[in-house]
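Asks:
In full-length UniProt numbering, the protein residues as written are 1 to 130.
1) The alpha helix (DSSP H) spanning residue 35 covers which residue range?
2) Does the beta-carbon of residue 85 have 16 or more other beta-carbons within 10 angstroms, so that it is buried, or is it exposed?
3) In terms of alpha-carbon separation, which member of 65, 23, 34 and 35 lies closest to residue 49?
4) Helix, strand or coil: which one does DSSP assign to residue 8?
5) Residue 43: which of 114, 127 and 126 sits nearest, CA to CA?
6) By Cβ distance below 8 Å, which residues in the same chain neighbour residue 97 in space, the five residues on each side in sequence not counted?
7) Please classify residue 73: does DSSP put it in a helix, a strand, or coil?
8) Compute the beta-carbon to beta-carbon distance between residue 145 and residue 60, rounded to the nearest angstrom, for a pair I have assumed lies under 8 Å.
9) At which residue ranges does the stretch 89-123 contain complete alpha helix (DSSP H) runs of 4 or more residues, listed in the order of the chain?
Structure (structure tokens):
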């Protein structure tokens, strides 16, 4: 039987071999990730977000499949030179799937959550207006 699991999308998206990793990340969310998840769940953004969504061997913090919008929460370790290189390569790879990114630093979120959440809202509005 064919079924959805054999479609082209599942060759890249939320693959079974990443299921345990996604589950671990959902169980061990950072404080900032929890803040954003609370916002995304309660806010009426005309978009449904999923936590810890995988595309190939990469896991996105929050992803809206309908809009192809990824929201990444970046802690201090994202400032390390080797992590910046990895993040740039990772984002470039995922952008090849037509995904738009909103990256929010922990400091930004903690310092001005309304501004950080506003950036997500703006991205949703922009992508829903197309």
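Note that beta-carbon positions come from the ideal geometry of N, C-alpha and C, so glycine has one too.
These figures come from a predicted structure and were not determined experimentally.
Replies: Put simply:
1) 31-42
2) exposed
3) 65
4) A caution first: residue 8 carries a pLDDT of 48, below 50, which makes its placement in the model unreliable, though a value can still be read off. Coil, per DSSP.
5) If we check each option's Cα against that of residue 43, 114 comes out closest.
6) So the qualifying residues of the chain are 12, 55 and 68.
7) strand
8) Nothing can be reported for residue 145, as the shown portion of the chain is limited to 1 through 130.
9) The stretch 89-123 contains these whole alpha helix (DSSP H) runs: 106-111.
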